[in-house]
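Taken in order, these protein sequences are the chains called A and B. Using our numbering, read the first sequence as starting at 1 and increasing by one per residue. Using our numbering, read the second sequence as starting at 1001 and increasing by one per residue. Built from N, CA and C at the ideal position, the CB exists for glycine as well. Reviewing the structure listed below.
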Amino acid sequence: MAEVIKKATREGYGSGLIKLGKKYDDFIVMDADLAAATKSGAFKKEFPDRFYNCGIAEQNMMSIAAGVAATGKKVFASSFAMFAIGRAFEQIRNSIGYPHLNVKICATHAGISVGEDGATHQCNEDIALMRTIPGMVIINPADAVEAEKAVEAVYGFDGPSYIRLGRLAVPVIFDDDYKFEIGKAVTLKEGNDVTIIATGLMVAEALEAYEILKAEGINARIINMATIKPLDNEAVIKAAKETGVIVTAEEHSVVGGLGSAVADLVTNEYPVPVIKVAMQDAYGKSGPAATLLDEYGFRGKDIAAAAKRAIALKK
Amino acid sequence: MDSLTEKTLKQTACKVRMGIIEGTHAAKAGHPGGSLSCADILTYLYFEHMNVDPKNPKMEGRDRFVLSKGHAAPALYATLAERGFFSTDLIKTLRKPDSILQGHPDMKNIPGVDMSTGSLGQGISCAVGMALSSKHFGPNYRVYTILGDGESEEGQVWEAAMFAANKKLDNLVAFLDLNNLQIDGTVDEVNSPKPLDKKFEAFNWHVITIDGHDFAAIEAALNEAKTVKGKPTAIIANTIKGKGVSFMEDQVGWHGVAPNDEQAATAMDELNKQLEALK
Chain A
1 MAEVIKKATR EGYGSGLIKL GKKYDDFIVM DADLAAATKS GAFKKEFPDR FYNCGIAEQN
61 MMSIAAGVAA TGKKVFASSF AMFAIGRAFE QIRNSIGYPH LNVKICATHA GISVGEDGAT
121 HQCNEDIALM RTIPGMVIIN PADAVEAEKA VEAVYGFDGP SYIRLGRLAV PVIFDDDYKF
181 EIGKAVTLKE GNDVTIIATG LMVAEALEAY EILKAEGINA RIINMATIKP LDNEAVIKAA
241 KETGVIVTAE EHSVVGGLGS AVADLVTNEY PVPVIKVAMQ DAYGKSGPAA TLLDEYGFRG
301 KDIAAAAKRA IALKK
Chain B
1001 MDSLTEKTLK QTACKVRMGI IEGTHAAKAG HPGGSLSCAD ILTYLYFEHM NVDPKNPKME
1061 GRDRFVLSKG HAAPALYATL AERGFFSTDL IKTLRKPDSI LQGHPDMKNI PGVDMSTGSL
1121 GQGISCAVGM ALSSKHFGPN YRVYTILGDG ESEEGQVWEA AMFAANKKLD NLVAFLDLNN
1181 LQIDGTVDEV NSPKPLDKKF EAFNWHVITI DGHDFAAIEA ALNEAKTVKG KPTAIIANTI
1241 KGKGVSFMED QVGWHGVAPN DEQAATAMDE LNKQLEALK
């Protein structure tokens, strides 16, 4: 087996910005004193005159970004998910979302894979918060390649968007000719016994689950749902019809994330059991990311176990 | 300022005040007190100062205005209507279900509104973003905003003030509508942000203090602001909440209550008399 290359999705943010910066000069990038960590600092290094540091003031940064966008210009704004989305939620809702302004929020350090910084920095709520904003596009890339392509895609999107990125180096799944499209699910493995819909770093874990299940004679369909809003309804309903049960996998709270989005849809249109692999209604804690992912049940084996429970519900 | 210009501005401000009464009365809701206190500043900005075109509200390179104290929407709408951005007939549709005139400014649907506001403290940051955009991308234009004194209890105002000075946004002017009252009482009782002049000075702004109902003073302050290099300007405008309607002046109770039929009639009568006296 070839060696697995690992890279954090935030690296894709930095490289995506630089690619865009070389092609276009009609956007600026902002950060709130976390440029080195979010990787917007890579863009700053290359294009210092097109980068603005707002200091430790995320609420102000989001409203400033709204003001820039209100003049018809493009702007990326980044910080950690906890502060970009959590602290500045109301600014995003009222200054960016309500007027449907062209602000590209790219926040890193989402989920418990932040690791040692602990619960105050482990944002498990951002997808839920952003889902409540009408017109907001939410993208949670699975790897650095998809992250870079998502950054390029939101550049071309006219409206509010949020790209959720991680700190932890995760397996690179896609090669450079991978085509990313906002709102399009990608089926990574075909199967008809159960569908596993995963997002972010859980996509690599879902591929692990596929192998575990295959060894037991279970054929799982694996879907990478990078765009959580707008959800690829067609892919979800097709999965519900063809496989009868769905497992969702996300490094986010069980409340309001991908699992809720999928459940909301199938409940209305084609009810089937949906089992969510997610952070239970609890805070995380300090520790190495790998240990936390083991402990809180974010591994391929956890997804495989959920898939078997889901299949049992069919009978 | 010559006397004819001043007289014309006073007449226009009087009509704006009538629009505020007409709108809030028809809506049976809204914020007349803080609208009346900033009516003269808005009148001067839109009729004498800002580079805007009512026939082309989205004109490239126009000056921008952000009503950070978004609840003074009746004043902004009355000013825009009087200036010709939309029909004055719309004023009486304020806050009605099918009206474009939302309770707080909505940039998506109202001609001449440059930014949606209403949640206090955010508008100044948006104005800062517009000023930054002009500096970075051009063309050169100026950005104006009006904040309430109560509004400056919001921490975000000071985040915005810090950033604007740090980035030397000398194309930005923030008016502080110092009417001394907020919903729950006087600003001093509730949680005073004063002294606002000293605070903005400490945040490295150029500060000018004026009587916010004196057109010559408003003009002089705005002209001075244009000469300032490397710093944003704060114009601390001492105003009277409810200005122009005797029974509303300096009354806490008129923050967010609309005049009833009788009160509206009395107010319109007073304003008509003021207008007559200016002829």
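Own chain, CB closer than 6 angstroms to residue i, minus 5 neighbours either side, in chain order
i: Ile-203 of chain A; result: This sequence places Val at residue 203 of chain A; Ile is not what is there. Ala-142, Asn-224.
i: Phe-1175 of chain B; result: Ile-1041, Ile-1146, Ile-1235, Ala-1237
i: Ala-1013 of chain B; result: Ala-1039, Asp-1040, Thr-1043
i: Tyr-1077 of chain B; result: Leu-1101
Cutoff 8 angstroms: residue i Cβ touching any chain B Cβ
i: Ser-78 of chain A; result: no
i: Lys-73 of chain A; result: yes
i: Gln-59 of chain A; result: yes
i: Glu-90 of chain A; result: yes
i: Ile-105 of chain A; result: no
i: Tyr-52 of chain A; result: yes
i: Ala-65 of chain A; result: yes
i: Val-29 of chain A; result: no
i: Tyr-155 of chain A; result: no
i: Val-277 of chain A; result: no
i: Gly-55 of chain A; result: yes
i: Ala-70 of chain A; result: yes
CB contact check: residue i to chain A, cutoff 8 angstroms
i: Ala-1073 of chain B; result: no
i: Lys-1108 of chain B; result: yes
i: Glu-1153 of chain B; result: no
i: Phe-1200 of chain B; result: no
i: His-1136 of chain B; result: yes
i: Ala-1225 of chain B; result: no
i: Glu-1219 of chain B; result: no
i: Glu-1159 of chain B; result: yes
i: Ala-1127 of chain B; result: yes
Proximal residues to residue i (C-beta, below 7 angstroms), its chain only, five neighbours per side dropped
i: Ala-110 of chain A; result: Ala-81, Cys-123, Asp-126, Arg-164, Leu-165, Gly-166
i: Val-272 of chain A; result: Ala-240, Gly-244, Val-245, Ile-246, Val-266
i: Glu-322 of chain A; result: Beyond the ends of chain A as shown, which are 1 and 315, falls residue 322 of chain A; an answer cannot be given.
i: Thr-1079 of chain B; result: Val-1016, Leu-1042, Thr-1043, Tyr-1046
Given residue i as reference, the closest of the options once Cα atoms are compared
i: Asp-232 of chain A; options: A:Lys-276, A:Thr-199, A:Asp-31; result: A:Thr-199
i: Ile-1210 of chain B; options: B:Ala-1202, B:Ala-1225, B:Leu-1132; result: B:Ala-1225
i: Lys-1069 of chain B; options: B:Asp-1063, B:Pro-1105, B:Ile-1100, B:Ser-1099; result: B:Pro-1105
i: Val-1066 of chain B; options: B:Gln-1102, B:Asn-1171, B:Ile-1146; result: B:Ile-1146
i: Ile-1183 of chain B; options: B:Pro-1139, B:Asp-1149, B:Asp-1214; result: B:Asp-1149
i: Asn-1111 of chain B; options: B:Ser-1099, B:Thr-1117, B:Pro-1057, B:Ala-1161; result: Per the sequence shown, the amino acid found at residue 1111 of chain B is Pro instead of Asn. Of the listed residues, the one whose Cα sits closest to Pro-1111 of chain B is B:Pro-1057.
i: Arg-93 of chain A; options: A:Phe-180, A:Pro-134, A:Ala-185; result: A:Pro-134
i: Leu-292 of chain A; options: A:Thr-120, A:Ala-306, A:Asp-49, A:Ile-112; result: A:Ile-112
i: Glu-250 of chain A; options: A:Lys-73, A:Ile-139, A:Glu-269, A:Thr-71; result: A:Ile-139
i: Arg-1083 of chain B; options: B:His-1071, B:Gly-1019, B:Lys-1092; result: B:Gly-1019
i: Glu-3 of chain A; options: A:Leu-34, A:Lys-184, A:Ile-173; result: A:Ile-173
i: Asp-49 of chain A; options: B:Asp-1177, B:Lys-1135, B:Ala-1072, B:Leu-1036; result: B:Lys-1135
i: Val-1113 of chain B; options: B:Ala-1072, B:Asp-1214, B:Pro-1232, B:Glu-1189; result: B:Ala-1072
i: Lys-149 of chain A; options: A:Ser-161, A:Asp-158, A:Gly-159, A:Phe-180; result: A:Phe-180
Beta carbon of residue i nearer than 8 angstroms to that of residue j
i: Ile-96 of chain A; j: Ala-128 of chain A; result: no
i: Ile-11 of chain A; j: Ala-215 of chain A; result: Correcting the residue identity first, residue 11 of chain A is Glu in this sequence and not Ile. Not closer than 8 angstroms, so no.
i: Glu-1153 of chain B; j: Pro-1195 of chain B; result: no
i: His-1025 of chain B; j: Ala-1234 of chain B; result: no
i: Ala-169 of chain A; j: Ile-303 of chain A; result: no
i: Ala-1221 of chain B; j: Ile-1240 of chain B; result: no
i: Arg-221 of chain A; j: Lys-189 of chain A; result: yes
i: Ser-78 of chain A; j: Cys-106 of chain A; result: yes
i: Ala-1027 of chain B; j: Leu-1094 of chain B; result: yes
i: Ala-32 of chain A; j: Lys-44 of chain A; result: no
Close beta carbons around residue i, own chain, < 8 angstroms, minus the five adjacent residues each side
i: Glu-1159 of chain B; result: Ser-1125
i: Val-75 of chain A; result: Phe-27, Ile-28, Val-29, Met-30, Ala-65, Val-68, Ala-69, Asn-102, Val-103, Lys-104
i: Leu-1278 of chain B; result: Lys-1007, Lys-1010, Gln-1011, Cys-1014
i: Arg-299 of chain A; result: Glu-205, Glu-208, Leu-293
i: Gly-86 of chain A; result: Cys-123, Glu-125, Asp-126, Leu-129
Endpoints, the beta strand (DSSP E) within which residue i is located
i: Cys-106 of chain A; result: 103 to 108
i: Tyr-52 of chain A; result: 51 to 53
i: Glu-250 of chain A; result: 246 to 253
i: Gly-1148 of chain B; result: 1143 to 1148
i: Val-1128 of chain B; result: Element bounds for Val-1128 of chain B: not the beta strand (DSSP E) but the alpha helix (DSSP H), 1122 to 1137.
i: Lys-229 of chain A; result: 227 to 229
The alpha helix (DSSP H) enclosing residue i, as first and last residue numbers
i: Tyr-155 of chain A; result: 144 to 155
i: Asn-60 of chain A; result: 58 to 70
i: Ala-1013 of chain B; result: 1003 to 1027
i: Tyr-1044 of chain B; result: 1039 to 1044
i: Tyr-210 of chain A; result: 202 to 215
i: Asn-224 of chain A; result: Asn-224 of chain A -> not in any alpha helix (DSSP H); beta strand (DSSP E) instead, spanning 220 to 224.
Chain D contact for residue i (CB, 8 angstroms cutoff)
i: Phe-1163 of chain B; result: The structure shown has no chain D; the protein chains it does contain are A and B.
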